[in-house]
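A quick write-up on the structure given underneath.
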Amino acid sequence: MSFINLKDKVVQVKIVYYGPGRCGKTTNLEYVNRKFRDQIQSEMVSLKTHGDRTLFFDFLPFDMGQIKGYDIKIQLYTVPGQVKYNATRKLVLKGVDGVVFVADAMEKQREKNIRSLNQLHENLQAYKESIFKIPLVIQYNKVDLKDHGVPILPTAVLRKDLNSRLKVPDFEASAITGYNVAATLKKIISSTVVSIQKKLL
Amino acid sequence: MNYGIVSQEQLEQIDTILASKLIKLGVDCVIIIDMAGNIITAKDNGESKYDVYSFAALAAGNFATVDAMAKLVGEAEFSLLFHKGQESNIHFSKIDDELLLISMFGKDISLGFLRLNVVEAIEQIRKVWEGGNG
Numbered sequence: 464m465s466f467i468n469l470k471d472k473v474v475q476v477k478i479v480y481y482g483p484g485r486c487g488k489t490t491n492l493e494y495v496n497r498k499f500r501d502q503i504q505s506e507m508v509s510l511k512t513h514g515d516r517t518l519f520f521d522f523l524p525f526d527m528g529q530i531k532g533y534d535i536k537i538q539l540y541t542v543p544g545q546v547k548y549n550a551t552r553k554l555v556l557k558g559v560d561g562v563v564f565v566a567d568a569m570e571k572q573r574e575k576n577i578r579s580l581n582q583l584h585e586n587l588q589a590y591k592e593s594i595f596k597i598p599l600v601i602q603y604n605k606v607d608l609k610d611h612g613v614p615i616l617p618t619a620v621l622r623k624d625l626n627s628r629l630k631v632p633d634f635e636a637s638a639i640t641g642y643n644v645a646a647t648l649k650k651i652i653s654s655t656v657v658s659i660q661k662k663l664l
Numbered sequence: 016m017n018y019g020i021v022s023q024e025q026l027e028q029i030d031t032i033l034a035s036k037l038i039k040l041g042v043d044c045v046i047i048i049d050m051a052g053n054i055i056t057a058k059d060n061g062e063s064k065y066d067v068y069s070f071a072a073l074a075a076g077n078f079a080t081v082d083a084m085a086k087l088v089g090e091a092e093f094s095l096l097f098h099k100g101q102e103s104n105i106h107f108s109k110i111d112d113e114l115l116l117i118s119m120f121g122k123d124i125s126l127g128f129l130r131l132n133v134v135e136a137i138e139q140i141r142k143v144w145e146g147g148n149g
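If you read the sequences in order, they're chains A and B.
Take the first sequence: its position 55, counted from the start at 1, is 518 in this note's numbering, and no numbers get skipped.
Take the second sequence: its position 24, counted from the start at 1, is 39 in this note's numbering, and no numbers get skipped.
What follows is the structure, given as structure tokens:
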């Protein structure tokens, strides 16, 4: 959950990018890191394996200015997507305020997207959080691969697979080019901040 | 108990404890975080230049990992988590199930002496925390 420091007038908000292995979670943060450099006071922290896969998490703190006199500090995290790292994903989800679920639009990744979303549901339940209540945005990443001849799922199919019950905001995107990366981030930040404000009323 | 909001009065009391018990001892920097990686408070000797937000995220991850390993080998927890370098050291100590105290100090302070002061600081911080929600 968010942490509100009344003395320093700071609200710390934790947003986690979650999804199957190699779907582009880290690439999202790398794009944000480059694009919004002036709002980022420190370097992105990445804990990677030798093969450049996320091992533990990536972390990117991001200043979002003020709301009602409070500085909003967004803490962006990713999780490792490989199946074997589920214990780690669970640890990183502790205290999460909002989630971006990054799906991989490649046709061959269809089952992995569904499995990862189901596991997110289970992992949130372990913290007594509901995937139906937590601020959530879904991103259908790698849609640019269509232009390179790689078979991808139509957005309508992805939406049916992943968002037919959740009915949360979703974006097709290309993290490698930056297409809709900022839009995804803005939506999850606004949803999360609104959610926090509601809890405080 | 609501850990999401901390009052100004509570934080000022905690900062006073950290200053008198740890910074005065010569500790370079002391941070209290929750287990999600949020910073409750950070205090230094005026000379440190740590990136405290990234440090908090890594520290929470580090401690959570070690705690998970403790469970795997049948322990409730490992009471001591300590990293020793040539010039700098880091000591972790749980305040309770939700809060972690991290001390960064140089070679001039012995670990044993630090631990005594950490234990006393934690005892005082718990009283502040409990009092604020009484």
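The C-beta atom is built at its ideal place from N, Cα and C for all residues, glycine as well.
If you're wondering where the values come from, they're calculated on a predicted model, not measured in any experiment.
* Asked: Can you name the start and end residues of the beta strand (DSSP E) that A/Tyr494 belongs to?
  -> In the first sequence, the residue the question calls residue 494 of chain A occupies position 31. That residue, A/Tyr494, is in no beta strand (DSSP E); its alpha helix (DSSP H) goes Lys488 to Lys498.
* **Neighbourhood of A/Ile615 by C-beta, 8 Å cutoff - its chain only, sequence neighbours within 5 removed** => For the purposes of this step, residue 615 of chain A is taken as residue 152 along the first sequence, with counting starting at 1. If we look at A/Ile615 and ignore the five residues flanking it on each side, its Cβ neighbours are Ala568, Met569, Glu570, Lys605, Val606, Leu608 and Lys609.
* Just how far apart, CA to CA, sit A/Arg573 and B/Ala136? -> In the first sequence, residue 573 of chain A corresponds to position 110, counting from 1. In the second sequence, residue 136 of chain B corresponds to position 121, counting from 1. Between A/Arg573 and B/Ala136, the C-alpha separation is close to 52 Å.
* Members of the region 76 to 104 of chain B near chain A, C-beta cut-off 8 Å -> Cβ contacts with chain A come from Gly76, Ala79, Thr80 and Ala83.
* To do: Going by DSSP, name the residue or residues bridged to B/Ile48.
  => Locating residue 48 of chain B in the second sequence gives position 33, counting from the first residue. Within the DSSP bridge table, the entry for B/Ile48 names B/Ile54 and B/Leu115 as partners.
* **A/Gln718 to A/Asn643 span [Cα, whole Å]** => Residue 718 of chain A lies beyond the range of chain A shown here (464 to 664); nothing can be said about it.
* To do: Just mark B/Gly121 as buried or exposed, buried being the case when its beta carbon has 16 or more other beta carbons within 10 Å.
  => Against the second sequence, residue 121 of chain B aligns to sequence position 106. In this structure B/Gly121 is exposed. Its beta-carbon is surrounded by fewer than 16 other beta-carbon atoms within 10 angstroms.
* Is there a Cβ from chain B that is less than 8 Å from the Cβ of A/Arg628? -> As a working note, residue 628 of chain A is residue 165 in the first sequence. It does not: the Cβ of A/Arg628 has no partner Cβ on chain B nearer than 8 Å.
* To do: Grab the span of the alpha helix (DSSP H) containing B/Lys86 for me, first residue to last.
  => Start at 1 with the first residue of the second sequence, and residue 86 of chain B comes out as number 71. Looking at the DSSP string, the run of the alpha helix (DSSP H) that includes B/Lys86 is Val67 to Leu87.
* Asked: Just the Cα atoms here: how many angstroms apart are B/Glu102 and B/Ser125?
  -> Sequence index remark: in the second sequence, residue 102 of chain B carries index 87 (1-based). Sequence index remark: in the second sequence, residue 125 of chain B carries index 110 (1-based). Answer to the nearest angstrom: the Cα atoms are 12 Å apart.
* **Cβ-based burial, A/Asp515 [other Cβ within 10 Å; buried from 16]** => Here the question's residue 515 of chain A lines up with position 52 in the first sequence. An exposed status is given to A/Asp515, since fewer than 16 other beta-carbon atoms sit within 10 Å of its beta-carbon.
* **Where B/Ile70 falls, given that 16 or more other Cβ within 10 Å makes a residue buried** => Your numbering for residue 70 of chain B matches position 55 in the second sequence. Note that residue 70 of chain B corresponds to Phe in the displayed sequence, not to Ile. That one is buried.
* Asked: Could you give the distance in angstroms between the alpha-carbon of A/Ser653 and the alpha-carbon of A/Leu492?
  -> Taking the first sequence and counting its residues from 1, the one referred to as residue 653 of chain A is at position 190. Taking the first sequence and counting its residues from 1, the one referred to as residue 492 of chain A is at position 29. Roughly 17 Å separates the two Cα atoms.
* **Any C-beta of chain A under 8 Å from that of B/Val45** => Walking along the second sequence from the start, residue 45 of chain B turns up at place 30. Not a single CB atom of chain A sits nearer than 8 Å to the CB of B/Val45.
* Would you say A/Lys488 reaches chain B, if we count a Cβ-Cβ gap shorter than 8 Å as a contact? -> By 1-based counting over the first sequence, the position of residue 488 of chain A is 25. Taking 8 Å as the CB threshold, A/Lys488 stays off the interface with chain B.
* Mind checking which residues open and close the beta strand (DSSP E) that includes A/Glu635? => The residue labelled residue 635 of chain A in the question sits at position 172 within the first sequence. Looking at the DSSP string, the run of the beta strand (DSSP E) that includes A/Glu635 is Asp633 to Glu635.
* Identity of the residue in A/Gly487, A/Ile594, A/Ile537 and A/Leu629 nearest A/Lys649 by Cα -> Working through the first sequence from its first residue, we reach residue 649 of chain A at position 186. When only C-alpha atoms are compared, the closest one is A/Ile537.
* Output the distance between the C-alpha atoms of B/Met16 and A/Val474, rounded to the nearest integer angstrom. => As a working note, residue 16 of chain B is residue 1 in the second sequence. As a working note, residue 474 of chain A is residue 11 in the first sequence. Annotation note: pLDDT 33 at B/Met16 (below 50); position unreliable, coordinate value reported separately. Answer to the nearest angstrom: the Cα atoms are 19 Å apart.
* Would you kindly check if the distance between the Cβ of B/Ala72 and the Cβ of A/Val665 is under 8 Å? => Nothing about residue 665 of chain A can be reported from this structure: the residues present for chain A run from 464 to 664 only.
* **Partners in chain B for A/Ser637, counting only beta-carbon separations shorter than 7 Å** => For the purposes of this step, residue 637 of chain A is identified with residue 174 of the first sequence, where counting begins at 1. Here the premise fails: no neighbours, minimum Cβ distance about 27 Å.
* To do: Compute the beta-carbon to beta-carbon distance between A/Phe634 and A/Thr647, rounded to the nearest angstrom, for a pair I have assumed lies under 8 Å.
  => Numbered from 1 along the first sequence, position 171 holds the residue referred to as residue 634 of chain A. Numbered from 1 along the first sequence, position 184 holds the residue referred to as residue 647 of chain A. The pair is a contact, with the Cβ atoms about 5 Å apart (cut-off 8 Å).
* Check whether the Cβ atoms of B/Ile46 and B/Ile110 lie closer than 8 Å to each other. => Residue 46 of chain B sits at position 31 when you count from the first residue of the second sequence. Residue 110 of chain B sits at position 95 when you count from the first residue of the second sequence. One thing to note: B/Ile46 has its Cβ no nearer than 8 Å to the Cβ of B/Ile110.
* Kindly indicate if chain A contains any beta-carbon less than 8 Å away from that of B/Ile21. => For the purposes of this step, residue 21 of chain B is identified with residue 6 of the second sequence, where counting begins at 1. Checking the sequence, you will find Val at residue 21 of chain B rather than Ile. Taking 8 Å as the threshold, the shortest C-beta distance from B/Val21 to chain A falls below it.
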